[in-house]
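Counting in my numbering, the sequence shown runs from 298 upward without gaps.
All residues carry an ideal CB built from backbone N, CA and C; glycine is no exception.
For clarity, every value in this text was computed on a predicted model and none was experimentally measured.
What follows is a set of notes on a single structure, which appears directly below.
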Amino acid sequence: LVCSSTLIAPDVVLIAAHCVDTDAISFGLPIDDLKMWWTRQADLSDWDGTQQGPTLPVDAIEAVEWIPHEDFDLNSLELGLQENFDIALIFLSEPVLDISPAYLPTAEEDAMIAEGDWVAVVGWGQQVATNQQDAPPPGTYAFKQQGESYIAEIAPYEFKVGEDSTDVRKCHGDSGGPSFWESDDGLRLIGVT
298 LVCSSTLIAP
308 DVVLIAAHCV
318 DTDAISFGLP
328 IDDLKMWWTR
338 QADLSDWDGT
348 QQGPTLPVDA
358 IEAVEWIPHE
368 DFDLNSLELG
378 LQENFDIALI
388 FLSEPVLDIS
398 PAYLPTAEED
408 AMIAEGDWVA
418 VVGWGQQVAT
428 NQQDAPPPGT
438 YAFKQQGESY
448 IAEIAPYEFK
458 VGEDSTDVRK
468 CHGDSGGPSF
478 WESDDGLRLI
488 GVT
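So, in structure tokens, the structure goes:
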């Protein structure tokens with residue numbers, strides 16, 4: 298389990314670039330034969346890193362390629378609402394045909410998104426915040442969670458979900474996961490954590 302993501306076409310997944318960056322995945326150690334799989338299982342606790350060699354989820358689809366944004370640079374990420382180009386695509390070896398992919402907003406819908414708007418956030422990350430070095434309590438991560446929040450701040454390239462520590466927000470493991478906004482025509486994928 299590395300990150301959350303969103304299916305945006307039958308064989309294309311949208312994710313954060315730092316989720317497919319080999320230096321981020323291995324903490325700078327060399328990786329000879331990196332392989333990735335995508336799954337939509339709600340319970341990924343068997344793959345939380347505490348067990349040795351669990352078998353892949355039954356619906357796992359191998360990724361054949363992943364492409365981060367050409368301007369993404371792990372070493373120059375800035376904190377706050379910045380233009381970090383932290384977005385990537387994963388291409389799957391076979392299409393997922395039994396669910397509908399997420400839709401991005403149209404230009405008209407994008408212009409209507411405002412601070413205070415409702416958003417739904419989804420991820421498999423920590424449900425309890427900890428210090429960066431501390432492991433979360435067992436049973437509080439690797440389970441799909443969805444919560445309702447709001448857009449607290451909008452900048453030209455990013456927005457902030459929630460303001461206070463009591464608001465529904467994102468945590469470690471939710472990277473790459475979606476933020477959905479409701480338009481007149483249904484939910485739109487407007488954010489990648």
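Quick check on residue i: does DSSP put it in helix, strand or coil?
| i | result |
| --- | --- |
| L371 | helix |
| T303 | strand |
| S446 | strand |
| D340 | strand |
| I322 | helix |
| E406 | helix |
| A417 | strand |
| A426 | coil |
| A385 | strand |
| A314 | helix |
| V361 | strand |
| V465 | coil |
| V309 | strand |
Which residues does DSSP pair with residue i in a beta bridge?
| i | result |
| --- | --- |
| R485 | W478 |
| K332 | Per DSSP, none; premise fails for K332. |
| I396 | Note: I396 sits in no beta bridge, so no partner. |
| K457 | E450 |
What separation, rounded to the nearest whole angstrom, lies between the Cα atoms of residue i and residue j?
| i | j | result |
| --- | --- | --- |
| V310 | H469 | 19 Å |
| A324 | C316 | Sequence check: residue 324 is Phe here, not Ala. Taking the straight line from one Cα to the other gives about 12 Å. |
| A314 | D370 | 9 Å |
| D464 | S446 | 7 Å |
| E460 | E479 | 20 Å |
| S302 | T427 | 22 Å |
| N381 | E375 | 7 Å |
| G377 | S472 | 15 Å |
| L326 | A360 | 21 Å |
| I451 | I410 | 9 Å |
| L530 | A408 | Examination of residue 530 is not possible in this model, given that the chain is present from 298 through 490 alone. |
| Q379 | L484 | 25 Å |
| D356 | G474 | 19 Å |
| T403 | I487 | 10 Å |
| K467 | V418 | 8 Å |
| I358 | G444 | 26 Å |
Can you tell me whether residue i is buried or exposed, with buried defined as 16 or more other CB within 10 angstroms of its CB?
| i | result |
| --- | --- |
| G436 | exposed |
| L401 | exposed |
| I396 | exposed |
| L341 | buried |
| V425 | exposed |
| G413 | exposed |
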